[in-house]
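Okay, so the sequence shown: first residue is 867 according to the numbering used here, each after it adds one. For each residue, glycine too, the CB sits at the ideal point set by N, CA and C. Here the structure is laid out as structure tokens; the discussion comes afterwards.
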Amino acid sequence: MNGQAIVNACVMTLVMQWLTLWATGAVLGYKTRPLRLLAGSVLAGGIDAAIVAMFFADRIPAGAAVPLAILSILPAARLGFGRLPAHRFLLVCAHVLGISVLAFGGALATAYLTGWRLVPTIVGLVGTILLTTEIGWGLVHRRIRDWLFFVPIEVCLGEVTLRLNALIDTGNRLRDPISGSPVILLEYSAVADALPERVRRAFMAFDAGDFGLVSELLADSAWLSRFRVIPFVSVGEERGLLAGFRVDEVRVLGGPRATSSRNAVVGVLMKRFSPEGAFAALLHPDILAEAS
């Protein structure tokens, strides 16, 4: 086995190990750090590259090379995900093994068809992993939808739960001046039916600029403690005030597991965000970080 082939094997195994660890963590919803994944993939990739080199040098038979390569998953999973309960550790190892087998098959087929060139082989490897996770768990679709475009959310307010689609608004930096909570912007039409009549009238009065009527309507209401006035700079005007309220909980749905945050305020806008009705809320990006 020449030097270039050994280098190619090292690169291939490193890429495959990192991708399989990443895909496993994403599929199972296990959080880890990039440096952990890198450490695990470097260790396992180094072991696998050494096994491949010894196999082609006739130092070890194929019957020993395969079990040794499988065993390299153990330290990779330990480094990549830290200390886990035994059943979770075994689950991680099983996922890494399954994805690795499929990825290796895809890479091997691509390498054979392209004359064993490195770049096409890596493309085949990456494509196989992404296709496998998409078919098996819908990972790619879910990641694109959840972290780049839309997410389904639930807004809990007393005994009422509103379920709607939200667009992640990376430009939203609004916060409640009292609590510092991130503000989710919500269409009035999406929440109106869940509000008491006097509260609906208060929002309409606020929109008309009749702040005295707002105070009168909410003076003896339990909603007074929930009501918020949020200053803004870039919500369609240069400067202004936005009416809103504190919610009990916001749940972000559609990911590997349901997550939630009790640290959120809703700001209500009278206008529609999407003419087609694709979404009715603009989600503050910090909610995604805090909802865990």
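Report yes if the C-beta distance between residue 894 and residue 953 is below 8 Å; otherwise report no. no
Identify every residue that forms a DSSP beta bridge with residue 1111. 1093, 1132
Coarse secondary structure for residue 1018, derived from DSSP in three states: strand
Decide if the stretch 1045-1065 is in contact with the stretch 1129-1140; the criterion is three or more beta carbon pairs, one per stretch, under 8 Å apart. yes
Assigned exposure category for residue 1045 - 16 Cβ within 10 Å defines buried: exposed
Alpha carbon to alpha carbon, what distance is there between residue 938 and residue 888? 16 Å
Rounding to the nearest angstrom, what Cα-Cα distance links residue 976 and residue 993 in this structure? 10 Å
Would residue 1031 pass as a contact of residue 1144 if the rule is Cβ separation under 8 Å? yes
Name the DSSP beta bridge partners of residue 1116, please? 1021, 1127
When you compare each of 941, 965, 966, 968 to residue 821 by their alpha carbons, which one comes out closest? The first residue shown for the chain is 867 and the last is 1158, placing residue 821 beyond what the model contains.
Near residue 890, which residues of its chain fall below 7 Å by C-beta distance, leaving aside the five closest residues on each side in sequence? 958, 961, 962, 965
To the nearest angstrom, how far is it from the Cα of residue 1068 to the Cα of residue 1105? 21 Å
Whole angstroms is fine: what's the gap from residue 1099's alpha carbon to residue 892's? 37 Å
Do you know offhand how far residue 936's Cα is from residue 885's? 16 Å
Going by beta carbon distance, what residues of the same chain come within less than 6 Å of residue 906, once the five residues before and after it are set aside? 887, 942, 945, 946
Close beta carbons around residue 820, own chain, < 6 Å, minus the five adjacent residues each side: Residue coverage of the chain in this structure runs from 867 to 1158, which leaves residue 820 outside it and unanswerable.
Cutoff 7 Å; reference residue 880; Cβ partners in own chain excluding five residues on either side: 907, 908, 911
Cα-Cα separation, residue 1047 to residue 902: 31 Å
How should residue 878 be labelled, buried or exposed, when 16 other C-beta atoms within 10 angstroms of its C-beta is the threshold for buried? buried
DSSP state of residue 1085, grouped into three classes? coil
Around the Cβ of residue 1042, are there at least 16 other Cβ atoms within 10 angstroms (buried) or fewer (exposed)? buried
So which of 904, 932, 919, 1018 has the shortest CA-CA distance to residue 1125? 1018
Hey, could you find the ends of the alpha helix (DSSP H) residue 918 is sitting in? 900-922
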